[in-house]
Amino acid sequence: LNSALQEILSGESEEESNGVNLMEFSDEILLHILSYVPCTDLVLNVRRTCRKLATLCLDKSLTHTVLLQKDYKVNKDKVKQLMRDIGKEIYQLNLAGCYWLPSSTIDHVTRCKNLVKLNLSGCHVTSLRLSKMLSTLQHLRSLAIDVNPGFDASQLSSECKATLSRVSELKQTLYTPSYGVVPCCTSLEKLLLYFEILDRSREGFMLSGQLMVGESNVPHYQNLRVFYARLAPGYVNQEVVRLYLAVLSDRTPENLHAFLISAPGSFAETGATKNLLDSMARNVRLDALQLPKAWINGSGLLQHLKFNNPFYFSFSRCTLSGGHLIQRVINGGKDLKSLTSLNLSGCVHCLAPESLFRRAEDDIDSSILESLVVSCCNLRHLNLSAAHHHSSESIGNHLCQLLSRLKHLLSLALPVCSITDVAANVEKPKPPTASSLVPQTFGRKVRIGIQTYPRNLADQASQKLESSVFWALMGSLRFLETLEIIGSSFSSAMPRNEPAIRNSLPPCVRAQSVGDSEVAAISQLTYLQSLTLAQLPNILTGSGLISIGLQCQHLRTLSLANLGMMGKMIYMSALMDMLKHCKCLRDLRLEQPYFCAGAQFFQALSHCSSLQRLCIVSRSGTLQSDAVMSFMANCLEVIMCHMFMGESLTVCKNLQQSIVRSFQADRPALNVVIFPLLHEDLTEVIRDVPMRHLDEITLFKSRVAEEPPNLWW
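Residue numbers (the UniProt record's numbering): 1 to 713.
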């Protein structure tokens with residue numbers, strides 16, 4: 001991109017001889033073009049091409065905000081030069097996830113005297129370095145940092161504390177039990193806390209969540225408007241967050257309008273948290289709410305909470321029934337036009353009138369979903385995954401038909417069984433396929449014949465079901481950018497902080513018919529950027545994947561897991577054909593037992609010229625080291641290679657060392673983890689993976705409506 005711009009904008013291209021010279025365009029048009037170029041390239045390269053570009057590249061619209069969080073080619077020397085050249089012009093600087101930069105690089109941020117917003121999440125910053133840097137940033141109002149073991153707030157200077165006292169927005173990721181810099185931030189309006197503390201140290205000692213509580217380290221919440229806490233699994237994280245909440249329970253901020261706690265598993269309610277919720281019910285009106293399931297289940301809390309103009313609700317994994325959802329949250333269809341994001345993931349009874357005598361696999365009540373759609377007509381993000389949402393046979397009331405009314409949707413997560421065309425299943429039972437005649441075992445691979453897949457869209461369209469409700473849904477959501485279709489019983493083979501799962505639950509019976517034609521329907525989403533497909537049992541040839549590769553040219557993230565028969569990856573040929581068309585693909589995650597990562601696969605993957613991150617999870621899977629090395633040599637943008645396979649520890653270590661030795665020098669952000677999936681030390685290896693990669697691609701999870709939109713810049 002940079003070299004092309006230098007050629008085009010310098011007026012030396014062929015177009016100039018034909019009378020077209022982009023340098024004659026207005027400054028406004030050129031500035032718009034330049035806004036797509038990374039700031040490091042603008043300042044360090046493009047501006048040196050001619051005088052006009054030298055001026056335009058330093059325009060305030062291009063230097064006011066510098067985003068380096070996914071500029072994997074930036075190194076310490078580039079950052080140093082960038083700060084020297086335009087440091088005084090930078091008001092917002094994002095270095096989030098730049099784990100490869102040495103801590104000394106942060107020293108150069110002191111040149112940015114006018115900084116208002118600074119994001120250092122994922123960067124190596126000690127207490128002393130933080131103190132020195134913040135002492136010079138008197139205009140800072142927004143800060144994001146990590147708190148690592150060894151952090152000592154007593155090392156912060158008085159000048160640093162003065163800067164922190166003016167900070168109104170703080171995002172803090174905790175890897176050790178600590179208040180961090182929260183007690184110094186006396187003007188906080190927005191507080192985001194990410195708890196990533198492990199229960200055991202590297203030496204195997206149990207950690208304690210107790211903190212030293214005193215007058216000097218009590219958080220100040222009196223001006224707080226937004227409180228958000230996300231907890232990784234573990235009891236220490238729960239202990240520490242309770243200490244942060246203790247101050248809130250004493251006095252609830254009057255201006256609090258967003259209260260969100262995301263906690264996996266069981267997070268019991270205590271007397272202090274009950275007092276906090278009672279105080280919130282009396283004194284505040286909320287716009288965003290998320291609570292641990294134990295705080296909502298069986299309580300009348302939602303009946304008493306007041307809402308203003310809510311834009312985000314998450315009731316993930318709660319036993320909330322559809323009746324309660326309509327009565328207590330949607331309020332009979334009133335005041336919910338403002339809601340833009342709704343997370344009902346794992347809320348198994350949310351589309352049923354009551355949950356007392358209902359089985360999870362019973363049909364949904366379409367009138368509840370219809371009320372939801374009518375009341376929340378402006379929804380942009382909706383998550384209904386991890387539940388059995390089975391539609392009845394009544395005409396016009398299928399879940400897909402009702403969701404098609406939500407014309408503003410940008411992201412959607414659904415369980416596989418919810419997209420089944422019920423009438424087609426009942427009236428037209430499918431004949432047995434070649435795959436269904438093969439025993440579904442995890443033993444020796446069986447070679448079976450498969451039908452050829454269509455090579456063009458005309459053939460594909462002729463195979464689709466004419467009355468498919470899912471095909472119609474995809475046709476109505478033309479502007480959808482993110483889609484997740486995940487089996488209701490799917491669980492990844494690589495959960496966090498636990499040994500790898502060796503067995504998986506069978507798919508829902510209703511999901512058995514979901515296969516290639518449903519996948520082909522997704523190809524109608526022209527603007528699709530992120531796609532997740534997990535536990536689709538009836539994938540045979542994978543022909544729908546080719547249609548997606550051809551039609552969804554904006555696709556950047558692709559995650560495929562357990563498609564087709566377990567142990568029989570017979571859609572590999574179609575997947576390789578698909579990859580040849582994915583020129584914009586940046587992230588690829590594959591999870592499939594017995595996956596063979598061989599020369600043909602990596603040769604097809606090499607066509608993905610924009611690919612940056614690759615993760616393969618495969619129980620009993622194999623790889624060819626030479627093919628991996630060749631792939632890494634051909635795909636110069638790849639900076640993350642994670643493979644958790646069935647190979648021996650020796651094979652994995654040798655390949656990992658070879659990749660690091662060969663490519664680390666030219667790719668400063670390179671992160672390579674190749675390790676046996678079922679090895680007992682897997683959790684120790686996982687803890688060293690940069691949080692950016694771990695959270696965004698390595699660990700499987702539903703990401704639709706996971707957080708409120710625009711929670712952080």
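Where is the CB? At the ideal position from N, CA and C, for every residue including glycine.
Sequence-distant partners of K117 (beyond 5 residues in either direction) whose C-beta falls short of 6 angstroms from its own C-beta, in its chain, are Q92, S142. Three or more pairs of CB atoms, one per stretch, sit closer than 8 angstroms, so the region 484-503 contacts the region 529-542. V374 carries a helical assignment under DSSP once its states are collapsed to helix, strand and coil.
Here I330 is actually not in contact with F315; their C-beta atoms are around 12 angstroms apart, not less than 8 angstroms. A straight-line Cα-Cα distance of about 18 angstroms links H607 and Q624. Nearest to S131 by alpha-carbon distance, out of N148, A162, L402, is A162. Taking the C-beta atoms as reference points, C582 is found no nearer than 7 angstroms to T698. When the alpha-carbon of C123 is set against those of V46, I106, E680, T270, the nearest one is in I106.
The criterion of a C-beta distance shorter than 7 angstroms is not satisfied by D516 and G475.
In this structure, G567 and C596 do not form a Cβ contact; the two beta carbons are roughly 12 angstroms apart against a cut-off of 8 angstroms. Here the alpha carbons of Q290 and N275 stand approximately 17 angstroms from one another. Taking Q81 as reference, the option from L224, E203, T40 with the minimal CA-CA separation is T40. With a beta-carbon spacing of about 6 angstroms, S391 and V422 fall inside the 8 angstroms limit used to define contacts. Residue burial is scored here from C-beta neighbours: E518 has at least 16 other C-beta atoms within 10 angstroms and is therefore classed as buried. In this structure, DSSP gives E89 a helical state, which the three-state scheme calls helix.
Taking a contact to require three or more Cβ pairs closer than 8 angstroms, the region 150-162 and the region 665-679 do not qualify as touching.
If you compare the alpha carbons of S366, E269, S418, Q553 with that of N383, the shortest gap goes to S418. If you compare the alpha carbons of R111, G97, C112, N223 with that of T173, the shortest gap goes to G97. Straight through space, the alpha carbons of L134 and N114 are spaced by roughly 12 angstroms.
Ranking P219, F357, S341, A258 by CA distance to the CA of L379 puts S341 first. In summary, Y36 is exposed, with fewer than 16 beta-carbon neighbours lying within 10 Å of its beta-carbon over all protein chains present.
The C-alpha of A232 lies about 27 angstroms from the C-alpha of R251.
The beta carbon of H304 lies closer than 7 angstroms to those of A281 in the same chain, with the five residues before and after it left out. Non-local C-beta neighbours of T65 in its own chain, meaning closer than 6 angstroms and more than five positions away in sequence, comprise Q92, ordered along the chain. Within the region 585-657, the complete beta strand (DSSP E) segments at least 3 residues long are 587-591, 613-617, 640-645, listed from N- to C-terminus. The C-alpha of L198 lies about 28 angstroms from the C-alpha of L277. Under the DSSP assignment, R230 falls outside any alpha helix (DSSP H), being part of the beta strand (DSSP E) whose first and last residues are 226-231. Using a Cβ distance threshold of 7 angstroms, E370 and L402 count as a contacting pair. Taking the C-beta atoms as reference points, C112 is found nearer than 7 angstroms to I90.
Within the same chain, A493, P593, L677 come within 6 angstroms of R619 by CB-CB distance, once the 5 residues on both sides are set aside. Three or more Cβ pairs drawn from the region 655-671 and the region 630-643 lie within less than 8 angstroms of each other, which places the two stretches in contact. The residue from E239, R405, I395, V514 with its alpha-carbon nearest to that of L473 is R405. CA-to-CA, the gap between R328 and C347 works out to about 15 angstroms. In the structure shown, the three-state DSSP call for A665 is coil. Per DSSP, the unbroken alpha helix (DSSP H) holding K132 starts and ends at 127-134. Secondary structure of L301 (DSSP, three-state): helix.
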